[in-house]
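Number of protein chains: 2
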Amino acid sequence: MGVSVVSLLMAWIFTREVLGADTGTAAMQSIALAIKQGAEAFMKRQYKTIYTFSVILAVAIFAFYYSTKGGPLAWKMVISFFAGAVCSGLAGFSGMFVSIRANLRAASAARTSLNRAMQLALRGGAVTGLSVVALSLLGVGIIFLAFGGMDDPLHVPYEIVGFGFGASFVALFAQLGGGIYTKAADVGADLVGKVEAGIPEDDPRNPAVIADLVGDNVGDCAGRGADLFESTAAENIGAMILGVALFKQFGLLGIFFPLVARAFGLLASIVGIWSVKLKNEDEDPMAALNRGYMITSVLAIGGFYVAIRFLLQNNLWFFSAGIIGVITSFLFVWITQYYTEYRYRPVQSIANASVTGSATNIITGLAVGMECTALPVIVISAAILSSYYCGQYALPNIGHSAAGLFGTAIATMGMLATAAYIVAMDTFGPITDNAGGIIEMSGAPEEVRRRTDRLDSVGNTTKALTKGYAIGSAALAAFLLFSAYLDQITELVRAKLAANPNLLTNLGLTSADQYFFTHVDISKPQVFIAALIGAALVFLFSAFAIKAVGKAAYSVIEEVRRQFRENPGIMAGTSKPDYGQCVDIVTKGALKAMVVPGLLAVAVPVAVGFIFRYFATPEDMTIGAEAVAAVLMVGTIGGILMATFMNNGGGAWDNAKKFIETGQLGGKKSEAHKAAVVGDTVGDPFKDTAGPSLHVLIKLLCTVAFVMAPLFL
Amino acid sequence: MGVSVVSLLMAWIFTREVLGADTGTAAMQSIALAIKQGAEAFMKRQYKTIYTFSVILAVAIFAFYYSTKGGPLAWKMVISFFAGAVCSGLAGFSGMFVSIRANLRAASAARTSLNRAMQLALRGGAVTGLSVVALSLLGVGIIFLAFGGMDDPLHVPYEIVGFGFGASFVALFAQLGGGIYTKAADVGADLVGKVEAGIPEDDPRNPAVIADLVGDNVGDCAGRGADLFESTAAENIGAMILGVALFKQFGLLGIFFPLVARAFGLLASIVGIWSVKLKNEDEDPMAALNRGYMITSVLAIGGFYVAIRFLLQNNLWFFSAGIIGVITSFLFVWITQYYTEYRYRPVQSIANASVTGSATNIITGLAVGMECTALPVIVISAAILSSYYCGQYALPNIGHSAAGLFGTAIATMGMLATAAYIVAMDTFGPITDNAGGIIEMSGAPEEVRRRTDRLDSVGNTTKALTKGYAIGSAALAAFLLFSAYLDQITELVRAKLAANPNLLTNLGLTSADQYFFTHVDISKPQVFIAALIGAALVFLFSAFAIKAVGKAAYSVIEEVRRQFRENPGIMAGTSKPDYGQCVDIVTKGALKAMVVPGLLAVAVPVAVGFIFRYFATPEDMTIGAEAVAAVLMVGTIGGILMATFMNNGGGAWDNAKKFIETGQLGGKKSEAHKAAVVGDTVGDPFKDTAGPSLHVLIKLLCTVAFVMAPLFL
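Line by line, the protein sequences are chains F and S. Under the numbering used here, residues 1 to 713 are what the first sequence spells out, in order. Under the numbering used here, residues 714 to 1426 are what the second sequence spells out, in order.
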């Protein structure tokens, strides 16, 4: 907890440093102001919508728990739900607050020094990274203490899952809304601006250009921030629940371990961020960022060792599990690079296919996207299995699967140890993108543009890598949440059996404590069907997310056309377009469009559990809960694959275009380039809307199932 | 069996009728001859490749079984494997033999009568339909008798799974090879012909035009024929194995029931095909085909009733399960129509999106494809569950899940009862497509072209509907094969336990007969990972299938460009292009490209079982088999969704283009049309290569796992 406070303090220091920096010329300031106003207006309305839903949901949860489990638990559920929702929002907001200011400062610094501009952008991003991780740690810690966790450590971890549900609920809408916003603005601005009117990107005559720049902030910064907030919160809670199962072995220390390990990760990230510096003005900024990542990783491993030495009886098998997690995060980042950077075969194959037109570009991109799911699956499989066996070797005398799962939990912690640094790198992306836009629109000299272009292209890389990291950590976090859900069902059924001892005979048991809910048996027709529905949910959710972008983009296109038509002075450069109107229209469109997919994600697992409980028989009383488990697990499998397909496919299309723009295969304005632009546009809603939203979806499925579990029995 | 012979006789009569029809002008004959030669050359080489693999695989199976289970079973496995492989090839070949001759006769008849042309095309297709279903019935029946099924009905059904494996092995390569061929030729011909050279479709100056027409036969006719051959064979065998579980209730009759029900379905289809006739020359041919489908369905239901009355003790719950199957096939056909015909919203939304360019066309098409998975999933879920409960109500006193699964089996029979008619409708597609091509290339008068165009467009619809039907029936058949696999593992483990009685104590059993392998528990990390791998296999397989088309198409493009370049007389119309060279190149390309995805499908389940068996512990000795079960089940889930996405997405893109070609949104040659052509091209490998291959993949996974099951323990 102390470390959380230190981290927030650190975030505040970074904020002060960023805000104290030079703010450039008046022209730059006026553009940055427009971005700031647009982003703030969107955030304000978005959170209003989200919190309205949250209140409705909270009332429903309260009523449901009040009627089935009594008042005290109902209050705890609602309080932890709100705490999660508020902390998630706060983390997103504070990150946004800085990044929509850091863009201008980074742009201004770029006029004199690449190093200074990079540092400002990274430290601006660090505010998001540190608040995300620190708030999730602080939130879970405070709730744990407030609910009397020190006195009743075996039950309180179950009561704080509401925190994870609140966080994932807000995260889903934040990522969906932000993702729809950013791509609707981007696609809309490009289609009318570049294609119809023939003006370049970021041209100030395009009425949608500010909305486009706003989008980078609300999508990448606030959206991914909320996503990783949820991953770390889910991992904290899931690991604490697994610590409960090992209480006999480690006592309270096992339950606290996740929080301590996280704290060390935070400290490592602070040092890592602090250390990033270019050796000279010509060095590749990516190299400096990678150095910082290495430093963070090494320190995090050291911190891990200390935590395991003092909290987990110096058990080196658990330490190995932590190392596995760190290696997994490295491999995910590396695989993502291979599939999305134009130095490698996949992106080049897409670029080559562009020569024969947009159809072959699309076909090849889709094939690359589908192909690239294989390696991450192998890595995640190896990580889960090896860390599971590490856990079993660590505590060979513990029955059940608790020890193995705790090993997996530690690997997840290892993967998430560097989360704050990774989020900082991610937010670096929109800040440098915005800085580039500000420089471009304010007509700065060529040399400055080259500097921001270099930062921008590094930002594109870091954004892509973060997505690979985010899906990997989401998969591991979801795996923890599965077992938390199974444990929760065990608890609920035991309570039921204790209340109705005559049910015991049906199950062939003599006491409620003998009961374990461990089977999710997809050879039962009901469970198989639920699994099928879980996978179909991923397809349907993706379809809705993609369609939402199309719908919102269409309204932007109409608005830009209207402005060009009614005010010919815009194209002539004599009068300023009405940026605000465009921002307003995307905001409304994105918020409207996020509702259906968001509610779908909540409704499906609840509906499956509620309907399938009616298939229960005295011998098989948990079929409803088992069906929901199948929805979660196979939904997660589908989500991991689909998200990887979409993220990497989209990234590969993007970079195939960039590859051609470097002058290859005919360069800009060639037929190949036109074809590559089509691929890039198709990839946009993949990689920035549907894909990242799926990361959140798989965690939301687990937390909603956990909270609504009593309904399924 | 008698009915099979009658059906084959009937197929021979249809063949005689078709071959006896008028063969048109010399110009038409020379085109048809080129198609015939190309198709025969491809089939010959393709089967040579496939049977080479088959022999290698058979040797491996023999060696494996000989060393683990002894000589007699090894011989039986290899014989049934070859019988399946040969029957599948024979069904494909006889169908092709007629359809590459029926195209010319239908074209010739179209010069005078739409009705006669339609009848000839359908009866040509009927040869495929009847031989497919009759040969699968005859093959399974003969093997059953030859292996002494009458004396040992409880074990022989397990020994004929090799038949299903042989059939699915050939089917996978037939569908993959044919699918790659047809789309490589199509994409290649279009890209150079229409786009680069600016000549219309089916123009005789295009050197790839004959390859394109050949492709329709080898892809749609031979490929889908092999696919549905495998579905019916799998269903026959799977249902017979379930009949074994109910031996105490029904005796031999329960094991024979699937064959008898299938025989009635065949008779119903013969009558249905015979009855199809236009009321007058202006009637929509689709209406006549639908009448035939209705007649077939009604007769099949009647036949079902008779079979249940005499074989299954007149149990009306089982009859209800059969009705559920028939309704399911109707719903699948209807949903496919909704998502792929341009009368409805989905296709129109793609057409509208084409106005803003190819990027929005693609995005909308992808969204429609993903969305359209939801309804089929609901239908298949309802069908499985309701027929399962029908089975349980039918025999309330039978424990285990045998009765429920037998209900599902009967629903599958209901769905497949009309298979022969459906395959006839499907093969109608390539025959009419070819007839149109022959008419077009031979320069027939406008009026005749209009007739063949009408038939061609009906053929497009029937092809799309068959795919919906094929995936639905593949899903149900796979569900049967799951339980066959689980039963097989039960048998193998019992044999092991009987041999090592000291293993019994680990499992807490007192005799081997108490053992049941029923759990596929995805909450175990090993099984979860296997499930993840199963789903990833679907993505990887699709990627390879799509890339294979691209590769093969590229070789066609090069060849066509070469011919245009080296022989300018082709474009001038003064000299004939070298069609044979193009046919040859696609043949080589397609056969080479089908190897990797085909072997992948066989290798993955075997590798998972072989590796995961090493995670076995004394308490959990079946973890390898359980992991393979997860690969099958979650691979099937992924396959159903991905195939539906690809089939319907591709069909929707195709018809969005056709909708614009009717003059909507600017009509042919508008910008919207150009965008729609891009979507159509992207959809081609989806709907004709990867999608249909996935139907076969999910069945192959089950049969390969079944045959290799001893390896996993």
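Every residue, glycine too, gets a C-beta built ideally from N, C-alpha and C.
Discussion item. When you compare the CB of Tyr1101(S) with every CB in chain F, is at least one pair closer than 8 Å?
Written reply: Yes, Tyr1101(S) lies at the interface with chain F (some Cβ there is under 8 Å from its Cβ).
Item to complete: Please check if any C-beta of chain F sits within less than 8 Å of the C-beta of Ile1235(S).
Response: Yes, Ile1235(S) counts as interfacial toward chain F.
Worksheet item: Measuring CA to CA, which of Glu1153(S), Ala1020(S), Tyr1182(S), Pro998(S) is closest to Phe1045(S)?
Response: Nearest C-alpha to Phe1045(S): Tyr1182(S).
Worksheet item: Shortest alpha-carbon distance to Ser473(F) belongs to which of Val596(F), Met571(F), Phe330(F)?
Response: Considering only alpha carbons, the answer is Phe330(F).
Item to complete: Answer with yes or no whether the minimum CB distance from Ile1040(S) to chain F is below 8 Å.
Response: Taking Cβ atoms only, chain F never reaches closer than 8 Å to Ile1040(S), which makes this a no.
Worksheet item: Pro1109(S) CB to nearest chain F CB: under 8 Å?
Response: Contacts with chain F at 8 Å (Cβ-Cβ) do not include Pro1109(S).
Discussion item. Buried or exposed for Tyr614(F), going by 16 or more other Cβ atoms inside 10 Å?
Written reply: Classification of Tyr614(F): exposed, given that the 10 Å Cβ count is below 16.
Worksheet item: Mind pulling the chain S residues with CB within less than 7 Å of Ala536(F)?
Response: Near Ala536(F) (Cβ distances below 7 Å), the residues of chain S are Thr1086, Ala1087, Val1090, Leu1354.
Fill in: Residue environment, Glu159(F), which counts as buried when at least 16 other CB atoms sit within 10 Å
That one is buried.
Discussion item. Rounded to the nearest angstrom, what separates Ala1316(S) and Ala1422(S) at their Cα positions?
Written reply: Between the alpha carbons of Ala1316(S) and Ala1422(S) lies a gap of roughly 13 Å.
Discussion item. Against chain F, with Cβ distances strictly below 8 Å, would Leu904(S) count as a contact?
Written reply: Closer than 8 Å to the CB of Leu904(S) there is at least one CB belonging to chain F.
Worksheet item: When burial is assigned at 16 or more other CB atoms within 10 Å of the CB, is Leu145(F) buried or exposed?
Response: Exposed: under 16 other Cβ atoms inside 10 Å.
Item to complete: Count the CB pairs spanning the region 297-313 of chain F and the region 267-277 of chain F that are closer than 8 Å, and state whether there are at least three.
Response: The answer is yes - the region 267-277 of chain F touches the region 297-313 of chain F, with three or more Cβ pairs under 8 Å.
Item to complete: Can you check DSSP and say which residues form a bridge with Asp521(F)?
Response: Answer is Asp1234(S), bridged to Asp521(F).
Worksheet item: Relative to the ligand FAD, is the shortest distance from any of its heavy atoms to the C-beta of Gln526(F) smaller than 7 Å?
Response: Annotation note on the ligand FAD: not contained in the displayed structure, which lists no ligands.
Fill in: Exposure label - Gly667(F); buried when at least 16 CB within 10 Å
Classification for Gly667(F): exposed.
Worksheet item: Should His519(F) be flagged as near chain S, meaning a C-beta pair shorter than 8 Å?
Response: Judged by the 8 Å Cβ criterion, His519(F) is in contact with chain S.
Item to complete: Would you identify the three-state DSSP class for Ser386(F), choosing helix, strand or coil?
Response: Here Ser386(F) sits in helix by DSSP.
Worksheet item: In chain F, what lies closer than 7 Å to Val1321(S) by C-beta?
Response: Residues of chain F with a Cβ closer than 7 Å to the Cβ of Val1321(S) do not exist, since the nearest Cβ in that chain sits about 10 Å away.
Item to complete: Work out the CA separation of Ile431(F) and Asp202(F) for me, nearest whole Å.
Response: If I take the Cα positions, the gap works out to 15 Å.
Practice prompt. Inspect the CB distances between the region 852-870 of chain S and the region 769-778 of chain S and report whether three or more fall short of 8 Å.
Written response: Contact between the region 852-870 of chain S and the region 769-778 of chain S is absent, because fewer than three Cβ pairs lie under 8 Å.
Item to complete: Sort Glu730(S), Leu904(S), Ser1067(S), Ala947(S) by Cα distance to Leu1414(S) and report the nearest one.
Response: Per the Cα distances, Ala947(S).
Discussion item. Can you check whether the C-beta of Gln1239(S) is within less than 8 Å of a C-beta belonging to chain F?
Written reply: Interface annotation, Gln1239(S): in contact with chain F, CB-CB separation under 8 Å.
Fill in: Euclidean distance between Cα positions of Ala220(F) and Val799(S)
First, the amino acid is wrong: residue 220(F) is Asp here, not Ala. Taken atom to atom, the span from the alpha-carbon of Asp220(F) to that of Val799(S) is near 57 Å.
Discussion item. According to DSSP, simplified to helix, strand and coil, what is Asp487(F)?
Written reply: Helix.
Worksheet item: Using DSSP with H/G/I as helix, E/B as strand and the rest coil, what is Val707(F)?
Response: Three-state result, Val707(F): helix.
Fill in: Ile1076(S) versus Ala1365(S), Phe755(S), Gly1293(S), Pro870(S), residue with shortest Cα-Cα distance
For the options Ala1365(S), Phe755(S), Gly1293(S), Pro870(S), the alpha carbon positioned closest to that of Ile1076(S) is the one of Ala1365(S).
Worksheet item: Does any C-beta atom of chain F lie closer than 8 Å to the C-beta of Leu1199(S)?
Response: Under the Cβ criterion of 8 Å, Leu1199(S) is counted among the residues facing chain F.
Discussion item. On the CB-based measure, 16 or more other CB atoms within 10 Å of its CB, does Pro618(F) come out buried or exposed?
Written reply: Answer is exposed; the Cβ neighbour count stays below 16.
Worksheet item: Looking at chain F, which residues of the region 1249-1266 of chain S have a Cβ within less than 7 Å of any of its Cβ atoms?
Response: Within the region 1249-1266 of chain S, the qualifying residues are Ala1249, Phe1252, Leu1253, Ser1255, Ala1256, Ile1259, Lys1260, Gly1263.
Item to complete: Round the Cβ separation of Gly272(F) and Gly292(F) to the nearest angstrom and send it over; I've been treating them as touching at under 8 Å.
Response: The C-beta distance from Gly272(F) to Gly292(F) rounds to 5 Å, short enough to meet the 8 Å contact threshold.
Worksheet item: Start and end of the alpha helix (DSSP H) containing His1386(S)?
Response: Run containing His1386(S): 1384-1398, per the alpha helix (DSSP H) assignment.
Worksheet item: Which whole runs of the alpha helix (DSSP H) in the region 1102-1130 of chain S are 4 residues long or more, in chain order?
Response: Fully enclosed alpha helix (DSSP H) runs of 4 or longer: 1115-1129.
Worksheet item: Smallest Cα separation from Phe1277(S): which of Phe882(S), Ala1243(S), Gly911(S)?
Response: Closest in C-alpha terms to Phe1277(S), from the list Phe882(S), Ala1243(S), Gly911(S), comes Gly911(S).
Item to complete: Name the two residues that bound the continuous alpha helix (DSSP H) containing Gln313(F).
Response: Segment: none, Gln313(F) is in no alpha helix (DSSP H) and carries neither H nor E.
Worksheet entry | 3-residue-minimum beta strand (DSSP E) runs that sit fully inside the region 211-293 of chain F, ordered along the chain | Counting whole runs of 3 or more residues, the region 211-293 of chain F contains no beta strand (DSSP E) stretch at all.
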